[in-house]
Each structure stands twice: as C-alpha cells, then as structure tokens.
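A.B. asks:
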Amino acid sequence: MSLLVENQPTTSRGAVSVRGVEKHYGNVQVLHGIDLDVAPGEVLVILGPSGSGKSTLLRTINHLEKVDKGTIAIDDELIGYRARHGKLHELRQAEVLAQRTEVGMVFQNFNLFGHLTVLQNIIEAPVHARKIPRAQAMARARELLERVGLADKEAAYPRQLSGGQQQRVAIARALALEPKVVLFDEPTSALDPELVTEVLDVIRSLAESGTTLIIVTHEIGFARDVADRILFVDAGRVIEDGTPEQVLASPRHERTKAFLSKVIEPAFHI
Amino acid sequence: MTLTTVDAAAQKQVPGNTGTGQASERDYSDYKVVPARHPWRWLGTVVVAGLAASVLYSLLTNPRWEWDVVAQWFTAESILRGLGQTLKLTLISGSLGFLLGFVLALMRLSSSPLFSSVSWTFSWIFRSTPLLVQLLLWYNLGYLYETIRLGVPFTSITFAELQTTTLISQFAAAVLGLTLNQAAYSAEIIRGGILSVDQGQIEAAEALGIPRWRRSTRIVLPQAMRAILPTAFNEIIGLVKGTSIVYVLAYSELFYTVQVIYNRTQQVLPMLLVATIWYIVITSVLSIAQYYIERHYSRGALRTLPPTPLQKLRRFISTHAVKGPANEPAR
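Heads up: the protein sequence lines correspond to chains A and B, in order. My numbering runs 85 ahead of the 1-based position in the first sequence. My numbering runs 455 ahead of the 1-based position in the second sequence.
(1) For chain A, is any of its Cβ atoms less than 8 Å away from the one on A682 of chain B?
(2) What residues are listed by DSSP as bridge partners for Q331 of chain A?
(3) Under a three-way DSSP split, which group does H354 of chain A fall into?
(4) Determine whether the Cβ of A179 of chain A lies closer than 8 Å to any Cβ atom of chain B.
(5) Cβ closer than 8 Å: which chain A residues qualify as neighbours of P666 of chain B?
(6) Using the C-alpha atoms, what's the distance from S571 of chain B back to F581 of chain B?
(7) Does any CB atom of chain B fall closer than 8 Å to the CB of Q252 of chain A?
(8) Thinking just about the alpha-carbon of each residue, which of B:A627, B:A504, B:A744 and B:L559 is nearest to the one in L591 of chain B?
(9) Would you call the region 326–339 of chain A and the region 138–155 of chain A in contact, with 3 or more CB pairs under 8 Å?
(10) Answer yes or no: do L544 of chain B and E708 of chain B have a C-beta to C-beta separation smaller than 8 Å?
(11) W520 of chain B: beta carbon under 7 Å from a heavy atom of the ligand NAP?
(12) State yes or no: is the beta carbon of H200 of chain A nearer than 8 Å to at least one beta carbon in chain B?
(13) Which residue wins for smallest C-alpha separation from S565 of chain B, given the options B:P761, B:I700 and B:S671?
(14) CA-CA distance, H338 of chain A and L760 of chain B?
(15) Quick check on the burial criterion: 16 or more other C-beta atoms within 10 angstroms. Buried or exposed for H213 of chain A?
(16) Compare the C-alpha of G193 of chain A against each of A:G165, A:I256, A:P218 and A:V323 and name the closest.
(17) Do you know how far the Cα of T302 of chain A is from the Cα of R340 of chain A?
(18) Could you confirm whether any beta carbon from chain A is found closer than 8 Å to the beta carbon of R563 of chain B?
(19) Going by C-alpha to C-alpha distance, which of B:L546, B:V701, B:V524 and B:Y483 sits closest to V723 of chain B?
(20) Residues of chain A with CB closer than 7 Å to the CB of Q656 of chain B, please, in chain order.
(21) Please list the terminal residues of the continuous alpha helix (DSSP H) segment that includes V188 of chain A.
(22) Pull up the distance between the alpha-carbon of L230 of chain A and that of N206 of chain A, whole angstroms please.
(23) DSSP beta-bridge partners for H109 of chain A?
(24) Would you verify that the beta carbon of P685 of chain B is, or is not, closer than 8 Å to some beta carbon of chain A?
(25) Spell out the partners DSSP gives G606 of chain B in its beta bridges.
(26) Assign G597 of chain B to one of three DSSP states: helix, strand, or coil.
(27) Distance cutoff 8 Å, beta carbons only. Does I748 of chain B sit that close to anything in chain A?
(28) DSSP puts H174 of chain A in a beta bridge; with which residues?
(29) Mind listing the chain A neighbours of P677 of chain B? Cutoff is C-beta to C-beta under 8 Å, in chain order.
(30) Please list the residues of the region 752–768 of chain B that have a C-beta atom closer than 7 Å to any C-beta atom in chain A, keeping them in chain order.
(31) Run through DSSP, which three-state label would A312 of chain A get?
(32) In chain order, what residues of the same chain have a beta carbon less than 6 Å from the beta carbon of V695 of chain B, not counting five sequence neighbours either side?
(33) Going by DSSP in three states, K347 of chain A sits in which element: helix, strand or coil?
(34) List, in chain order, every chain A residue whose beta-carbon is nearer than 9 Å to that of I674 of chain B.
(35) Nearest to L291 of chain A by alpha carbon, out of A:L129, A:N112 and A:D122?
(36) Against chain A, which members of the region 621–655 of chain B pass a CB distance test of less than 7 Å?
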C-alpha cells in the first residue's frame with residue numbers, strides 16, 4: 086500500500102509533550118504524574134492491562150478528558166489552556182474545538198455518523214470545522230478513500246460496511262483534517278480476527294508517512310512491527326519506556342513480564 | 456430409529472450412502488413447500504368483518520345521525536374558515552413550540568448552570584399550570600398590566616409604550632399560550648431523543664472539532680429524530696384537537712364554530728360529526744406524513760429500508776397478476 090499522507094512537510098510537526106499529568110475519577114486516581122515526550126513522526130504504542138489508564142492518557146491529549154494537574158502541549162502549543170501572566174486560563178469551547186482539528190482520533194467502536202454516507206462522514210469536519218471548500222474536501226476525501234481501499238464505498242452508509250471497512254473509513258475521516266498527531270484508541274478491539282489485518286495494514290502505511298501516531302492496542306505483534314517506541318502503563322504510571330526490543334524482549338518489571346506472558350501467545354497468530 | 460412414518464418418496468437413498476443402514480439421509484429436493492395455514496386468523500377476520508359491518512350499518516341507517524345535515528354543513532364556508540383557523544393555530548404554535556423546545560432541550564443539556572436552570576424552570580412552570588389558565592392569563596394580561604413599556608427597568612427611560620389590549624389579541628393570546636405550553640412538553644421529548652443518541656457520536660464530533668451548533672443540528676438531532684418522531688406526532692395530533700381549548704377566548708376555530716352553529720340550530724350530534732370527520736381527515740394526513748418522515752430518518756439506521764405500503768401493493772399486484780387464479784391446484 087502506498088503512503089497515506091503524501092507531501093508531508095519536512096519541517097518537524099507533531100511533537101507531543103506531557104508534563105506531570107494527573108487525573109482522578111471521583112476518589113480513584115487513574116493517572117499518577119505522567120511525563121512523556123513524543124518526537125515528530127514518532128510511532129508510539131502504549132500497552133497495558135485494562136483499567137491501567139492508557140485510554141485516559143490518550144484522551145487527555147486532545148482534551149476529551151480534562152487533566153486535574155499537569156500540562157499537555159503539541160508543538161509547544163498548550164492543549165486546553167493559555168498561559169498568561171503566570172496563570173493557566175481555560176480556553177473557551179470554540180478554541181478547544183479548533184485545537185482538536187490538529188489531532189485526529191480513531192475510536193474502538195469507530196463512531197462513524199450512522200445517518201451520513203461514508204463521503205459525508207469524511208468531509209463533515211473539513212468543511213464545517215476547517216472551512217475548506219466543499220469541492221476541495223470531497224476531492225481529498227475520495228483520495229483518502231482510495232488509499233484505504235474503499236473508493237467504491239463513498240455512497241454507502243456505515244452500517245452497510247463490515248467492521249474493518251468502517252474502521253478504515255474512520256481512519257480516513259481522522260486524516261481528512263491533515264492532523265499533526267493521530268490517536269488510536271484500541272482500533273482493532275471491536276473487530277473480528279480476520280478483519281484486524283486490513284486495519285493494521287492501513288495504520289502501518291500511515292506509520293511510514295511521518296505523521297506522529299500514538300496507538301493504544303493489545304496487538305503485541307503489530308506493536309513490535311510498527312512501533313518506534315513502546316510504553317507500558319500500569320495503574321496510572323509508565324513503568325516501561327523503550328524500543329520494542331527492550332520492552333518486549335527484556336522487560337525490567339515483573340508486572341510487564343506477567344502481562345506479556347499472557348498476551349504474547351495469541352499475538353503470534355496474526 | 457424412532458417411530459416416524461416414513462414417506463415412500465423419501466426412501467430414495469443418497470448415492471454413496473447405500474448399505475450403511477443410515478435411513479435418516481433423504482433427498483427432499485423434489486418436495487413442494489406448503490405454506491403454514493392460519494385457520495384461526497381466517498375465523499378472526501370473519502368475526503371482525505361482521506362487527507365492522509354492523510357498526511357501519513347502524514351509522515348509516517340510524518336517521519338520528521342526520522347525515523344530510525352533516526353533508527350540508529361539511530363544506531360550509533363558516534366551517535372551512537374555522538378549519539383554516541385550526542390548521543393555522545396548529546401550524547404556528549406547533550412549529551414555534553418545537554423550535555423553542557429544541558432550544559430549551561439544548562439549554563437543559565448544556566454544561567452552563569444558568570442555561571440548564573432557566574430551561575428547567577420554564578418547563579416546570581408551563582407544565583404545572585393548566586393550559587386553560589395560561590390562555591386566560593395571556594388574554595387578560597391587559598387587566599394585570601394596562602400598558603407594556605419597553606425601556607430600562609427601574610428608571611423612567613422609555614423607548615416604546617403600548618396598550619396591552621391592542622398588543623394581545625385573541626389570536627396572539629392563543630398562539631402565545633399554545634406555543635409556550637407546547638415548548639415545555641416538546642423540550643422534554645427532544646431531550647429524551649438526544650439522550651438516546653450514542654455518546655460515541657458526540658465524542659467523535661468533539662474529537663473532529665465540529666462546532667457546537669453544527670454538532671447539535673447535523674450529528675445529534677437527525678439521529679435523535681428516530682426516538683423523537685413517534686412522540687412528537689402524538690403531540691402534534693394532540694395539538695390539532697387541543698386547539699379547541701381556545702374556545703374560552705371565543706376564538707373561532709373549528710370546534711368553536713361548530714358550537715356556535717349547533718347552539719343556533721340545535722343539531723348537536725350532526726355538527727359534532729362534522730368536526731370529528733375533519734379531525735379524522737387531519738389526523739390521517741398527519742399519520743401518513745409521520746410514516747414517510749420516520750422512514751426518511753431511518754436512513755443509515757437500517758441496512759435496507761422496508762418497502763412503503765404503495766411499493767408493497769405494487770409488488771403484491773405484480774406477483775399475483777401473472778400467477779392467475781390464486782387457488783389453482785398445484786400440479
């Protein structure tokens with residue numbers, strides 16, 4: 086498959102920095118002071134058991150979750166706040182929405198708009214959030230559909246597609262905004278096993294294109310294959326951070342070893 | 456093998472399966488499918504048809520229904536004028552009511568405590584006072600406040616001043632009362648519909664940075680419509696007949712007109728029939744509209760849309776026309 090995003094500017098774009106992020110749900114603390122730097126174009130895979138806070142961490146990056154403490158910045162622009170006179174001022178909703186157009190997000194359950202066709206799903210944000218002319222947005226959408234192998238499906242409604250096809254449309258929709266960073270929240274967890282590969286192939290070709298990708302997944306084989314770097318998150322803390330070889334082959338923590346021994350077997354079948 | 460009667464035709468064994476003693480493998484490919492029979496359904500149909508016929512017979516033959524009077528008044532000019540007023544009131548207060556209801560529903564669901572409490576209070580007030588009282592209050596506003604003044608509160612600065620009685624006519628009082636009351640109820644219906652939309656849809660719209668108003672009108676509302684429409688049509692059909700309550704303002708809509716006529720002619724039942732038939736006509740048209748509007752909003756929710764009654768009828772005719780007599784025995 087060809088590169089998903091061509092003509093990517095060579096200037097580095099999509100650097101993410103997370104500083105001391107904490108998050109509580111009621112009395113439960115789900116993130117304990119996360120510090121993280123993602124380089125432009127880096128492909129970061131976050132692994133961890135259910136409830137470890139990895140999805141929450143991902144969702145703080147586009148401000149779908151507000152943090153209780155700490156800051157997140159993309160290319161030195163604070164997410165959700167404006168620093169002025171030694172204070173952090175919360176942004177108004179319209180400003181938060183404008184920031185989100187810089188960050189694409191792909192959900193576990195696709196979350197395609199069921200009452201809109203595939204093409205309408207993809208052009209909705211470019212036309213109405215970015216004010217790109219409709220014709221231009223449609224041309225770009227068709228290009229993206231071709232690249233995810235669904236050129237013939239532009240008039241279909243999401244429920245007429247298989248899970249794998251829906252997720253590929255969702256990826257095209259996220260890319261239509263030409264985001265600096267794309268977040269994947271367990272993109273293959275809701276798919277039948279035989280449909281996982283087609284989605285992973287699309288993400289793999291995107292990984293080669295120089296867009297920063299942050300992927301939460303349980304597909305260890307895919308992580309080894311595509312990641313520049315793997316984080317292992319447990320109980321709201323980053324306990325491993327390194328190359329796939331380091332984290333998967335010689336993890337430092339018992340917790341990581343225990344987790345990998347449970348999930349690594351099925352991953353070989355992919 | 457169990458005690459089953461074995462059909463001679465089914466004794467034919469599948470090739471390659473001979474001599475195994477397995478009699479269960481049979482070839483049914485020559486068999487005709489006989490549709491299931493529904494004798495009780497037929498009997499029920501006869502009973503229902505009999506009942507319907509007797510009701511119809513009594514309606515048509517009992518002279519006290521005075522069908523000639525019904526026919527004489529049915530399209531009388533005064534009746535049609537009243538009907539027009541009923542439709543006008545329904546249309547105006549129905550659409551304004553639902554529009555305001557939509558805004559109230561969004562306010563109620565917004566994160567702003569100001570908006571949500573204002574919306575809650577509005578619904579609370581208008582749902583807890585009788586519509587009759589609301590209408591009479593609006594109509595008698597002139598008694599409470601002789602003039603309405605547009606200016607800065609607590610000062611004597613005035614931009615405009617009007618007599619309340621010239622501002623609030625019977626029509627204005629009727630529209631105000633019906634609209635505000637309708638808005639309070641439709642706000643809850645629309646809020647219920649919005650809550651039925653999957654949270655993931657809203658999250659996806661937020662993640663894509665789609666502006667809030669666009670998100671509400673383009674992403675959430677069309678999907679909420681499937682839950683809203685059945686109840687909303689209940690409300691509108693209720694409103695068509697509910698407009699008759701404005702007779703307290705002596706507003707000459709359909710029902711008031713009918714009352715005026717039968718008070719003069721004493722032909723109470725036939726005049727009530729005239730009004731009833733018109734209400735049935737309006738409701739029927741609305742029910743058909745409801746079917747097609749609901750179908751429109753189920754696009755994408757169903758893999759394929761079911762055929763409309765017209766399409767079903769056409770299919771029925773085309774399949775039955777070529778087959779000839781239905782009870783021709785099968786060869």
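Every residue gets a Cβ at the ideal spot worked out from N, C-alpha and C, and that includes glycine.
C.D. replies: Quick look at the numbers:
(1) One-based indexing of the second sequence puts residue 682 of chain B at position 227. Cβ-Cβ to chain A under 8 Å: no for A682 of chain B.
(2) Working through the first sequence from its first residue, we reach residue 331 of chain A at position 246. Its beta-bridge partners do not exist; DSSP assigns none.
(3) By 1-based counting over the first sequence, the position of residue 354 of chain A is 269. Low confidence applies here, because H354 of chain A scores a pLDDT of 48, under 50, leaving its location unreliable and the question unanswered by this model.
(4) Taking the first residue of the first sequence as 1, we reach residue 179 of chain A at position 94. By this cut-off, A179 of chain A is an interface position.
(5) If you number the second sequence from 1, residue 666 of chain B lands on position 211. Correct list: A179, L182, H213 and A214.
(6) Here residue 581 of chain B refers to the residue found at position 126 of the second sequence. Here residue 571 of chain B refers to the residue found at position 116 of the second sequence. Their Cα atoms are separated by approximately 16 Å.
(7) Reading the first sequence from its first residue, position 167 is the one you call residue 252 of chain A. It does not; no Cβ of chain B falls within 8 Å.
(8) Taking the first residue of the second sequence as position 1, residue 591 of chain B is located at position 136. Cα-wise, what sits closest to L591 of chain B is B:A627.
(9) With a cut-off of 8 Å, the region 138–155 of chain A and the region 326–339 of chain A do not count as touching, because too few Cβ pairs lie within range.
(10) Numbered from 1 along the second sequence, position 89 holds the residue referred to as residue 544 of chain B. Numbered from 1 along the second sequence, position 253 holds the residue referred to as residue 708 of chain B. Against a cut-off of 8 Å, the Cβ pair of E708 of chain B and L544 of chain B comes out as a contact.
(11) The ligand NAP is not among the ligands present in this structure, which contains no ligands whatsoever.
(12) Reading the first sequence from its first residue, position 115 is the one you call residue 200 of chain A. Yes, its Cβ sits closer than 8 Å to a Cβ of chain B.
(13) Position 110 of the second sequence, counted from the first residue, corresponds to residue 565 of chain B. Looking at the Cα atoms, B:S671 is the closest of the given residues.
(14) Residue numbering aside, residue 338 of chain A sits at position 253 when the first sequence is read from its first letter. Residue numbering aside, residue 760 of chain B sits at position 305 when the second sequence is read from its first letter. So the two alpha carbons sit approximately 55 Å from each other.
(15) Residue numbering aside, residue 213 of chain A sits at position 128 when the first sequence is read from its first letter. So H213 of chain A counts as buried.
(16) The count along the first sequence starts at 1 and reaches residue 193 of chain A at position 108. As written in the sequence, residue 193 of chain A is Gln, which differs from the Gly given in the question. Distances from the alpha-carbon of Q193 of chain A to those of A:G165, A:I256, A:P218 and A:V323 put A:I256 closest.
(17) Counting from 1 along the first sequence, the entry for residue 340 of chain A is found at position 255. Counting from 1 along the first sequence, the entry for residue 302 of chain A is found at position 217. Distance between the alpha carbons of R340 of chain A and T302 of chain A: 17 Å.
(18) Locating residue 563 of chain B in the second sequence gives position 108, where the first residue counts as 1. Chain A contact via Cβ: absent.
(19) As a first step, residue 723 of chain B must be located in the second sequence, where it is residue number 268. Distances from the alpha-carbon of V723 of chain B to those of B:L546, B:V701, B:V524 and B:Y483 put B:V524 closest.
(20) Your numbering for residue 656 of chain B matches position 201 in the second sequence. Identification of chain A residues near Q656 of chain B by a Cβ-Cβ cut-off of 7 Å yields N196 and F198, ordered along the chain.
(21) By 1-based counting over the first sequence, the position of residue 188 of chain A is 103. Counting along the chain, V188 of chain A sits inside no alpha helix (DSSP H); it lies in the beta strand (DSSP E) bounded by residues V188 to V191.
(22) What you label residue 230 of chain A is simply residue 145 of the first sequence in a count that begins at 1. What you label residue 206 of chain A is simply residue 121 of the first sequence in a count that begins at 1. Rounded to whole angstroms, the gap between the alpha carbons of L230 of chain A and N206 of chain A is 11 Å.
(23) Here the question's residue 109 of chain A lines up with position 24 in the first sequence. DSSP output for H109 of chain A lists A:Q114 as bridge partner(s).
(24) Against the second sequence, residue 685 of chain B aligns to sequence position 230. For P685 of chain B, the answer is no, since every Cβ of chain A falls outside 8 Å of its Cβ.
(25) Taking the first residue of the second sequence as 1, we reach residue 606 of chain B at position 151. BP columns for G606 of chain B point to B:T613.
(26) Within the second sequence, the letter at position 142 stands for residue 597 of chain B. In the three-state reduction of the DSSP assignment, G597 of chain B falls in the helix class.
(27) To locate residue 748 of chain B, count along the second sequence from 1; it is residue 293. No, no contact with chain A.
(28) For the purposes of this step, residue 174 of chain A is taken as residue 89 along the first sequence, with counting starting at 1. H174 of chain A is bridged to A:R167.
(29) Here residue 677 of chain B is taken as the residue at index 222 of the second sequence, counted from 1. The answer, in chain order, is H200.
(30) Correct list: R754, G755, A756 and R758.
(31) By 1-based counting over the first sequence, the position of residue 312 of chain A is 227. In this structure, A312 of chain A counts as coil in the three-state DSSP scheme.
(32) Indexing the second sequence from 1 puts residue 695 of chain B at position 240. Contacts found: T545 and I737.
(33) For the purposes of this step, residue 347 of chain A is taken as residue 262 along the first sequence, with counting starting at 1. For K347 of chain A, the three-state secondary structure derived from DSSP is helix.
(34) Here residue 674 of chain B corresponds to residue number 219 of the second sequence, with the count starting at 1. Near I674 of chain B (Cβ distances below 9 Å), the residues of chain A are F198, H200, L201 and E209.
(35) Along the first sequence, read from residue 1 onward, the residue named residue 291 of chain A stands at position 206. If you compare the alpha carbons of A:L129, A:N112 and A:D122 with that of L291 of chain A, the shortest gap goes to A:L129.
(36) Hits within the stretch, in order: G655.
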